[in-house]
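A.B. asks: Oh and the sequence shown: position 38 is 38 in this note's numbering, straight run, nothing missing.
Mind looking over this structure? Questions follow.
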Amino acid sequence: MATNFKSLIENEVDRLFAELNAKPGECCDNPVTGGGFVWGLDPIATQKKEAVARLRAREWFALNGPPDAPPLPLSHADVGDYRDARGLKGVVGFYARSLSRQGYDVQKHPSFDDFARGLMALAVEKGLWNLENDQTLIRRFRPRPLEGMTPSAFWAPPKEYEQLMASYGCSRSAA
């Protein structure tokens, strides 16, 4: 006998989408991701899957990230706001942006601490949003290069990293 058990996050996503009360052809915003879609034209299952992945990543980050960190931002607008805030909130914004490029798969992406250290290494080496001048962050996240950290301050797995670096016109040793 198969069971159709839904997690609390999946139930919450269902509830949020039900609250949209949209009609076919209506333009909507995903209540979690902030992304736009057309009800009845764009697959709702895809929208819900993205929402669930982001909420699961937020839950994971709440349990495994720094205890004093703000919640993981889930929409592109919120990520941008976090990055503008600087300090720990800014680092969380960079982490969220990087994590988004990996489909919010926290198992595939480096840990927050490893990412933050790699981000600080990039900032100290090349300058990045004035993070290189934040001594509190430098002390907290001792700069350590992160394999796969791009000049654009997001992490990429090896194959993607090589392709990106080639598109930037950089060799592996130049990055």
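All C-beta atoms, glycine included, are put in the ideal place defined by N, C-alpha and C.
In the structure shown, what three-state DSSP assignment does D105 receive?
C.D. replies: What you label residue 105 is simply residue 105 of the sequence shown in a count that begins at 1. D105: coil per DSSP, three-state reduction.
A.B. asks: For the alpha helix (DSSP H) that contains G127, what are its first and last residues?
C.D. replies: To locate residue 127, count along the sequence shown from 1; it is residue 127. First-last for G127: undefined, no H or E at that position.
A.B. asks: Taking 8 Å as the cut-off, does the stretch 148-168 touch the stretch 112-132 (at least 3 CB pairs, one atom from each stretch)?
C.D. replies: Counting Cβ pairs under 8 Å, three or more are found: they touch.
A.B. asks: For P144 and F112, I'd like the C-alpha separation in whole angstroms.
C.D. replies: Numbered from 1 along the sequence shown, position 144 holds the residue referred to as residue 144. Numbered from 1 along the sequence shown, position 112 holds the residue referred to as residue 112. Residue 144 is actually Arg in this sequence, not Pro. Roughly 13 Å between the two C-alpha positions.
A.B. asks: What number of angstroms, rounded off, separates the C-alpha of D68 from the C-alpha of T136?
C.D. replies: Along the sequence shown, read from residue 1 onward, the residue named residue 68 stands at position 68. Along the sequence shown, read from residue 1 onward, the residue named residue 136 stands at position 136. Cα to Cα, D68 sits roughly 14 Å from T136.
A.B. asks: What distance in whole Å lies between the Cβ atoms of S100 and F115, which are believed to be in contact at a cut-off of 8 Å?
C.D. replies: Your numbering for residue 115 matches position 115 in the sequence shown. Your numbering for residue 100 matches position 100 in the sequence shown. The pair is not a contact, with the Cβ atoms about 13 Å apart (cut-off 8 Å).
A.B. asks: Can you give me the Cβ contacts of C27 inside the same chain, cut-off strictly under 7 Å, excluding the 5 residues immediately before and after it?
C.D. replies: Taking the first residue of the sequence shown as 1, we reach residue 27 at position 27. Cβ neighbours of C27 beyond the five flanking positions: G36, V38.
A.B. asks: Might you give, ordered along the chain, the residues of its own chain that have their beta carbon closer than 6 Å to the beta carbon of L20, omitting 5 neighbours on each side?
C.D. replies: As a working note, residue 20 is residue 20 in the sequence shown. If we look at L20 and ignore the five residues flanking it on each side, its Cβ neighbours are C28.
A.B. asks: Taking the alpha carbon of P73 as the point to measure from, which residue in R58, L63, D84, G87 has its own alpha carbon closest?
C.D. replies: Position 73 of the sequence shown, counted from the first residue, corresponds to residue 73. The candidate whose alpha carbon is nearest that of P73 is R58.
A.B. asks: Let me know the secondary structure DSSP gives R93 once reduced to three states.
C.D. replies: Along the sequence shown, read from residue 1 onward, the residue named residue 93 stands at position 93. For the sequence presented, residue 93 should be read as Gly rather than Arg. Three-state DSSP puts G93 in a helix.
A.B. asks: Could you tell me the distance, in whole angstroms, from the CA atom of F17 to the CA atom of V79?
C.D. replies: Counting from one through the sequence shown, the residue named residue 17 turns up at place 17. Counting from one through the sequence shown, the residue named residue 79 turns up at place 79. Distance between the alpha carbons of F17 and V79 is about 22 Å.
A.B. asks: For P110, count neighbouring Cβ atoms within 10 angstroms of its own Cβ and tell me buried if that reaches 16, exposed if not.
C.D. replies: Translated into positions along the sequence shown, residue 110 becomes position 110. It counts as buried.
A.B. asks: For Y168, is the classification buried or exposed, using 16 other Cβ atoms within 10 angstroms of its Cβ as the cut-off for buried?
C.D. replies: Counting from one through the sequence shown, the residue named residue 168 turns up at place 168. The residue in question, Y168, is exposed, as its Cβ has fewer than 16 Cβ neighbours within 10 Å.
A.B. asks: Just confirm the distance between the C-beta atoms of L146 and R117, as a whole number of angstroms; I'd bet it's less than 8 Å.
C.D. replies: Position 146 of the sequence shown, counted from the first residue, corresponds to residue 146. Position 117 of the sequence shown, counted from the first residue, corresponds to residue 117. The Cβ separation is near 7 Å, so the contact holds.
A.B. asks: Apply the 10 Å Cβ neighbour rule to T46 and answer buried if 16 or more other Cβ atoms are within range, or exposed otherwise.
C.D. replies: Indexing the sequence shown from 1 puts residue 46 at position 46. Counting Cβ neighbours within 10 Å, T46 comes out exposed, since fewer than 16 surround it.
A.B. asks: Taking the alpha carbon of K108 as the reference point, which residue from A77, E160, A123 has its own alpha carbon closest?
C.D. replies: One-based indexing of the sequence shown puts residue 108 at position 108. Checking every option, the nearest Cα to that of K108 belongs to E160.
A.B. asks: To the nearest angstrom, how far is the alpha carbon of E50 from that of I9?
C.D. replies: As a first step, residue 50 must be located in the sequence shown, where it is residue number 50. As a first step, residue 9 must be located in the sequence shown, where it is residue number 9. C-alpha separation (whole angstroms): 12 Å.
A.B. asks: Starting from Y29, follow the beta strand (DSSP E) in both directions and report where the run begins and ends.
C.D. replies: Taking the first residue of the sequence shown as position 1, residue 29 is located at position 29. Looking at the sequence provided, one finds Asp at residue 29 rather than Tyr. 27-29 is the extent of the beta strand (DSSP E) around D29.
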